[in-house]
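Residue numbers for the sequence shown follow my numbering, so the first one is 4 and each next one is one higher. As structure tokens, the structure follows; a few thoughts come after it.
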Amino acid sequence: MQIKNPEIFSLIESIAEHYRTNISNRFTRRALSSMTLDPATWNLIEELTEKGENYRYQGYHPDELYTQVLAMARFIYQSRRQIQPNLRFLTGSAGSAGLSSSDRVFRDMAVNNFGPNLKILADKVNELYVKVVAIDKDTAGARPPVYSQISELKELGRYLVE
């Protein structure tokens, strides 16, 4: 079964846009690259945030979508632990040499709003998960739904809640 729900596609686009604009932008990207996430997780995040158009025609397999949701949840969890407390230092906010005054303002906005933007991202990822589970349950019939076969999904709440 493939998920081709327009609401799911719209939510994924919203997550991707929020991630690119508010989380992984030109001011925070270098700090994010210092996180200890395995390459597979980074690849899944890229699948979710950069390659949504590839899924428009064929749809998402639920297990693929669940692994992408988990990867984004692990990213959020690690960002809160590793990046958020040190973001000002990691982005070089102390030294502003070479930045125009408007770039300094944008950088400071990115740093100051990183925590709230992570919360928004977590809420969007949770909303996506809930909608995919509902579709999964509806289409499972007599078989167990896909989400029940992925044990790490039990950690999703812990990953997404501060």
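Where a beta carbon is used, it is the ideal one built from N, C-alpha and C, also for glycine.
So what does residue i bridge to, in DSSP terms?
i   : result
Y63 : I6
On the three-state DSSP scale, how would you describe residue i?
i    : result
I123 : helix
N28  : coil
A145 : coil
I15  : helix
K134 : helix
S153 : In the sequence as displayed, the identity of residue 153 is Ile instead of Ser. I153: coil per DSSP, three-state reduction.
K54  : coil
Over what stretch of residues does the alpha helix (DSSP H) that includes residue i continue unbroken?
i    : result
A39  : The sequence as given places Thr at residue 39; Ala does not occur at that position. Premise fails: T39 is in no alpha helix (DSSP H) and is neither H nor E.
V114 : 104 to 115
G160 : 159 to 163
If distances are taken between C-alpha atoms only, which option among the options comes closest to residue i?
i   : options                : result
Q85 : D126, L35, K122        : L35
Q81 : D41, S103, Q61, Y58    : D41
V72 : T44, N89, P88, K7      : T44
I11 : S104, L68, R32, S103   : L68
T70 : E165, S105, Q152, V164 : Q152
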